[in-house]
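> Just passing along the structure, written as structure tokens.
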Amino acid sequence: AQKVTQAQTEISVVEKEDVTLDCVYETRDTTYYLFWYKQPPSGELVFLIRRNSFDEQNEISGRYSWNFQKSTSSFNFTITASQVVDSAVYFCALILATDKLIFGTGTRLQVFP
Amino acid sequence: EADIYQTPRYLVIGTGKKITLECSQTMGHDKMYWYQQDPGMELHLIHYSYGVNSTEKGDLSSESTVSRIRTEHFPLTLESARPSHTSQYLCASSGRDRVAMNTEAFFGQGTRLTVV
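Listed in order, the protein sequences are those of chains A and B.
Just so you know, we're using my numbering here: the first sequence kicks off at 7 and counts up by one.
Just so you know, we're using my numbering here: the second sequence kicks off at 11 and counts up by one.
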């Protein structure tokens, strides 16, 4: 069975601090896809990144970076120099090639000025 | 930009009423999903579909039903609304890109349902 675990329920930081959101997944499939979404207080889900199981390259996009490690089944997300606008709930998600999309329980990030 | 639409955005309805939440996408995606979510909380999958005439129940038991008669349309129906159904309902779709990899799920803006 597939599963996504986000052990951090809530994280609070002060602006300009770096913060890492953890995501651990479980699957027996060799082909799968991982995603991160942001849900600001307005409620919509904003797609951030997709990574497939064959691509272990880390990625950086501005202040955001992602570290995908198959050896530890982790897909962690780091925000560098956090800003108040980064305050949101962040969800990690997993989909197999032919199965449903499963979300972790989310991590609420609060960035204080 | 994602082309998936949910209507209505907000709905306040009395107990016992039948309601249908609409979801349509114009991307030709085969997979569609319904999630139930209380504000800022976990997303619970309640229904999903792999394609026309395919529907499955998700991990969270729900009294709602769905249908998938057309690729682009995935409505959710509650035959008799109750206050416990008060929540946000999010519809999503996903497909495959040019190299047959799963795309991300595209989400509608959600329907905030209040049953009084």
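Backbone N, C-alpha and C fix where the C-beta goes; we use that ideal spot for every residue, glycine too.
Indicate, with yes or no, if the ligand MN has a heavy atom lying under 6 angstroms from the CB of Ala102/B.
As presented, the structure is devoid of all ligands, the ligand MN included, so that no description of it is given.
> Could you pull out every residue in the same chain whose Cβ sits closer than 8 angstroms to the Cβ of Ala99/A, ignoring the five residues on either side in sequence?
In the first sequence, residue 99/A corresponds to position 93, counting from 1. For Ala99/A, where only same-chain residues beyond five positions count, the Cβ hits under 8 angstroms are Val10, Leu40, Phe41, Trp42, Tyr43, Leu107, Ile108, Phe109 and Gly110.
> Flag Leu53/B as yes if its beta-carbon sits less than 7 angstroms from any beta-carbon of chain A, otherwise no.
Counting from 1 along the second sequence, the entry for residue 53/B is found at position 43. Interface residue, yes.
> Check the Cβ-Cβ distances between Tyr70/A and every residue of chain B, and say whether any is below 7 angstroms.
Stepping through the first sequence from its first residue, residue 70/A is reached at position 64. It does not; no Cβ of chain B falls within 7 angstroms.
> What does Thr111/A reach in chain B if we use C-beta pairs closer than 9 angstroms?
On the first sequence, position 105 is the one that residue 111/A refers to. Result: Met51, Glu52 and Leu53.
> Going by DSSP, which residues form a beta bridge with Ile23/B?
Locating residue 23/B in the second sequence gives position 13, counting from the first residue. Val125/B, per the DSSP bridge assignment.
> Examine the Cβ distances between the region 90 to 97 of chain A and the region 43 to 58 of chain A and report whether three or more of them are shorter than 8 angstroms.
Yes, they touch.
> Return helix, strand or coil for Ser71/B, following the three-state DSSP convention.
Within the second sequence, the letter at position 61 stands for residue 71/B. Residue state, collapsed to three classes: coil.
> So if I threshold CB-CB distances at 7 angstroms, which residues from the region 23 to 56 of chain A count as touching chain B?
If the cut-off is 7 angstroms between Cβ atoms, the region 23 to 56 of chain A has Tyr39, Phe41, Gly49, Glu50, Leu51, Phe53 and Arg56 near chain B.
> Identify which residue in Asn112/B, Ala102/B and Lys41/B has its Cα closest to the Cα of Leu31/B.
The residue you call residue 31/B lines up with position 21 of the second sequence. Here the closest residue by C-alpha is Ala102/B.
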